[in-house]
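J.: Here it is: the structure, laid out below.
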Amino acid sequence: EYDPDALFSEAESFVRQCYAELERDAEIESRLAEIRREIDERGHYEHTREELEHGARMAWRNSNRCVGRLFWQSLHVLDRRDLETPAEIHEACCEHLEYARNGGDIIPTISVFKPMSRGDRQVRIWNYQLLRYAGYETDDGIVGDPDEVAFTDYCRSRGWEGEGTDFDVLPHVIQVGDDEPQLFEVPDSVIGEVPITHPEYDWVADLGLRWYDVPVVSNMRLEIGGIQYTAAPFNGWYLATEIGARNFADEDRYDMLPAVAERLGLDTSTDRSLWKDEAVVELNRAVLHSYDEAGVQIVDHHTVTDQFAQFERNEEAAGREVTGDWSWLIPPVSPATTQVFHTTYDHENRAPNFFYLESPDT
Ligand code: HEM
Ligand SMILES: N=C(Nc1cccc(CNC[C@@H]2CCCN2)c1)c1cccs1
Numbered sequence: 007e008y009d010p011d012a013l014f015s016e017a018e019s020f021v022r023q024c025y026a027e028l029e030r031d032a033e034i035e036s037r038l039a040e041i042r043r044e045i046d047e048r049g050h051y052e053h054t055r056e057e058l059e060h061g062a063r064m065a066w067r068n069s070n071r072c073v074g075r076l077f078w079q080s081l082h083v084l085d086r087r088d089l090e091t092p093a094e095i096h097e098a099c100c101e102h103l104e105y106a107r108n109g110g111d112i113i114p115t116i117s118v119f120k121p122m123s124r125g126d127r128q129v130r131i132w133n134y135q136l137l138r139y140a141g142y143e144t145d146d147g148i149v150g151d152p153d154e155v156a157f158t159d160y161c162r163s164r165g166w167e168g169e170g171t172d173f174d175v176l177p178h179v180i181q182v183g184d185d186e187p188q189l190f191e192v193p194d195s196v197i198g199e200v201p202i203t204h205p206e207y208d209w210v211a212d213l214g215l216r217w218y219d220v221p222v223v224s225n226m227r228l229e230i231g232g233i234q235y236t237a238a239p240f241n242g243w244y245l246a247t248e249i250g251a252r253n254f255a256d257e258d259r260y261d262m263l264p265a266v267a268e269r270l271g272l273d274t275s276t277d278r279s280l281w282k283d284e285a286v287v288e289l290n291r292a293v294l295h296s297y298d299e300a301g302v303q304i305v306d307h308h309t310v311t312d313q314f315a316q317f318e319r320n321e322e323a324a325g326r327e328v329t330g331d332w333s334w335l336i337p338p339v340s341p342a343t344t345q346v347f348h349t350t351y352d353h354e355n356r357a358p359n360f361f362y363l364e365s366p367d368t
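End of the sequence shown = 368 in our numbering, gap-free, step of one.
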């Protein structure tokens, strides 16, 4: 069950690496003695602001499935460990969205809420992301995002009602301890969206597609030196293929390829026409064009994989091995045209890191 020695050994390996990277080796032994005392007294220890900041950056740097890691040192950390109530936490999530959006020049940001500690009430955000669209099962098929049907059903069971469009922003669902989760509408003032148009084909606008501007993942836990931050939403900017080749293209998502291919006049009767390939490229050109028009930062899969190659060189120079999960690092469009495809990666898991939380039992 609970093991203070295990906690201390996690803390020790984190402090030794963290302080060495910050060139504060001289403080390691005294800090470890302090942590040992704190764990002996109350079975827990608290990170300093600097340990939290660098620990979160190390966790991003260790995220094997992340192709965007070049900028790991510039992660902005919002220390929200002082907040207690669901309402305060919702407000902090709204502040996070405003701060990170930064008028479209997106700032990679993480908000860290209070960690799990013995006997204390833990914080859970049940949303997958702070901005996500509802999904509704109807007699004529699914309206909105099929990936969110279960979560939307839960929200409706708690009295939330969406407008029933394909792009209804879901409420924040925030739980402290074992209390019933509380729901909060996301104010329009913190929602940013991009209408999808195409640089050449005007009919793309008529498809009525749009997507939100800032992806803030809120269903993962951050582990630093044995301490579990069960609510630590983090954002970067989008890689365009996430929207154009997955969210809009997957058959169990918005399933738009047939409609795009039809309007392009492609032969959808046979795979051999490569109609899906042509449609997905045009959809991705539309996403890149639309975010550029809206002044919202987004990266294409060629640029992001070149940046990842630079990350690999930087890590080599810093004397650190890069770990990675190849199957997630390659983009879903033209993967073999990127350098990542032609590289192999050790996918060992290093700490600090981000881990999945068990799905909400809602
Ligand atoms: C700055 C721009 C960033 C870009 C373009 C980027 C890109 C990506 C992409 C495309 C994925 C795969 C997602 C999927 O296929 O569903 C990913 C995964 C991931 N990223 Fe990044 N990322 C960025 C910043 C960040 C930041 C700031 C963090 C955390 C501090 C982060 C942590 C992660 C983690 C933990 C995963 C794996 C998620 C999972 O296993 O489901 N990334 N990233
Ligand atoms: N661009 C982003 N995309 C991203 C990153 C991590 C996780 C996710 C969500 N991935 C979950 C989906 C569903 C299963 C496979 N992918 C998106 C970022 C989100 C937050 C920081 S960067």
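For glycine and all other residues, C-beta sits at the position ideal for the given N, C-alpha and C.
Values in this document were obtained by computation on a predicted structure and should not be read as measured data.
1) To which residues of the same chain is A300 closer than 8 angstroms at the C-beta, ignoring the five residues directly before and after it?
2) Since F360 is in the beta strand (DSSP E), which residue starts that stretch and which ends it?
3) Relative to the alpha-carbon of L81, which residue among E104, I113, Y51 has its alpha-carbon at the smallest distance?
4) Looking at A267: is its Cβ nearer than 8 angstroms to the Cβ of A251?
5) Indicate the three-state DSSP secondary structure (helix, strand or coil) for E143 in the structure shown.
6) Verify whether the separation of the beta carbon atoms of D174 and Y139 is less than 8 angstroms.
7) Can you find at least 3 beta carbon pairs, one from the segment 288–298 and one from the segment 33–50, that sit closer than 8 angstroms?
8) In its own chain, which residues sit with a C-beta less than 6 angstroms from the C-beta of R269, not counting the 5 before and 5 after it?
9) Taking P337 as the reference, give the member of R356, H307, A324, H353 with the closest Cα.
10) Taking Cβ positions only, does T203 come closer than 8 angstroms to chain D?
11) Using a Cβ-Cβ cutoff of less than 8 angstroms, which residues in the same chain neighbour Q316 once the five nearest sequence positions on both sides are dropped?
12) Please check the pair E90 and V182, which I expect to be a contact at CB under 8 angstroms, by giving their CB distance rounded to whole angstroms.
13) Under DSSP, the beta strand (DSSP E) around P201 begins and ends at which residues?
14) Check H308 in the structure and name its three-state DSSP category.
15) If you follow the beta strand (DSSP E) that S117 is in, where does it begin and where does it stop?
16) If you measure between the beta carbons of G141 and T158, is that distance less than 8 angstroms?
17) Do L176 and E154 have their C-beta atoms within less than 8 angstroms of each other?
18) Alpha carbon to alpha carbon, how far is R63 from Q79? Give it in angstroms, no decimals.
19) Return helix, strand or coil for R216, following the three-state DSSP convention.
20) Below 8 angstroms on the Cβ atoms is my contact criterion, and I expect V179 with H102 to pass it. Report the Cβ-Cβ distance as a whole number of Å.
21) Quick one: give me the first and last residue of the alpha helix (DSSP H) that F190 is part of.
22) Pairs of beta-carbons, one from the segment 353–362 and one from the segment 220–240, closer than 8 angstroms: are there three or more?
23) When we look at the beta-carbon of Y25 and count the other beta-carbons within 10 Å, is it buried (16 or more) or exposed?
24) Give me the Cα-Cα distance between V94 and K282, rounded to the nearest whole angstrom.
25) Cβ atoms of V302 and G214: under 8 angstroms apart, would you say?
26) Compare the beta carbon distance of R86 and S123 with 8 angstroms and say whether it is the shorter of the two.
27) Tell me the rounded alpha-carbon separation between L245 and V305.
28) In the DSSP assignment, what residue or residues form a beta bridge with I230?
29) Between the C-alpha atoms of T311 and A106, what's the straight-line distance to the nearest angstrom?
30) Which whole-angstrom value describes the C-beta separation of Y330 and N68, a residue pair presumed to lie in contact below a C-beta threshold of 8 angstroms?
31) Determine the direct distance from the alpha carbon of Q188 to that of S370, and round the result to whole angstroms.
32) Excluding the 5 residues flanking V129 on each side, which residues of the same chain have their C-beta closer than 7 angstroms to its C-beta?
33) According to the Cβ coordinates, are T247 and V346 closer than 8 angstroms?
34) Pick out whichever of E29, E322, T349 has its Cα sitting closest to the Cα of L335.
35) Below 8 angstroms on the Cβ atoms is my guess for G74 versus G242; work out the distance and round it to an integer in Å.
T.: With the structure as the only source:
1) Cβ neighbours of A300 beyond the five flanking positions: G110, V200, P201, D219.
2) From DSSP, the beta strand (DSSP E) with F360 extends over 359–362.
3) Scanning E104, I113, Y51 for the CA closest to the CA of L81 turns up I113.
4) In this structure, A251 does not lie closer than 8 angstroms to A267 by Cβ.
5) Of the three classes helix, strand and coil, the one that applies to E143 here is strand, per DSSP.
6) Using a Cβ distance threshold of 8 angstroms, D174 and Y139 count as a contacting pair.
7) Output reads no: the segment 33–50 does not touch the segment 288–298.
8) Cβ contact annotation for R269 (same chain, cutoff 6 angstroms, sequence separation greater than five): W209, in chain order.
9) Taking only the C-alpha atoms, the option nearest P337 is H307.
10) Absent from the structure: chain D. Only one protein chain is present.
11) If we look at Q316 and ignore the five residues flanking it on each side, its Cβ neighbours are L76.
12) For E90 against V182, the beta-carbon gap comes to about 7 angstroms, under 8 angstroms, which counts as contact.
13) It spans 199–201 - the beta strand (DSSP E) in which P201 sits, taken as one unbroken run.
14) H308 sits in a helix when the DSSP states are folded into three classes.
15) Boundaries of the beta strand (DSSP E) around S117: 115–119.
16) A contact, by the Cβ cut-off of 8 angstroms.
17) Contact annotation: L176 and E154 have beta-carbon atoms nearer than 8 angstroms.
18) Roughly 6 angstroms between the two C-alpha positions.
19) When DSSP states are grouped into helix, strand and coil, R216 belongs to the strand group.
20) Contact between V179 and H102 is absent: CB atoms are separated by about 16 angstroms, not below the 8 angstroms threshold.
21) In the DSSP annotation of this structure, F190 is not part of any alpha helix (DSSP H); the continuous beta strand (DSSP E) holding it starts and ends at 188–190.
22) Touching, yes, given that three or more Cβ pairs across the two stretches are closer than 8 angstroms.
23) With 16 or more Cβ atoms within 10 Å of its Cβ, Y25 is classed as buried.
24) This sequence places Glu at residue 94; Val is not what is there. In this structure, the CA atom of E94 is about 46 angstroms from the CA atom of K282.
25) No; because the gap between Cβ atoms is not below 8 angstroms, this pair is not in contact.
26) Not a contact, by the Cβ cut-off of 8 angstroms.
27) Using only the alpha carbons, I get a separation of about 5 angstroms.
28) The partner list for I230 (beta bridge, DSSP) reads I233.
29) Distance between the alpha carbons of T311 and A106 is about 23 angstroms.
30) The question names Tyr, but residue 330 is Gly in the sequence shown. Taking 8 angstroms as the upper bound for CB-CB distance, G330 and N68 are not in contact here, some 10 angstroms apart.
31) A question about residue 370 goes unanswered here, because the residues of the chain that appear run from 7 up to 368.
32) Excluding sequence neighbours, V129 sits near I95, F119, K120, V182, T236, A237.
33) Cβ atoms of T247 and V346: not closer than 8 angstroms.
34) Out of E29, E322, T349, T349 has the C-alpha closest to the C-alpha of L335.
35) Correct: roughly 5 angstroms between the Cβ atoms.
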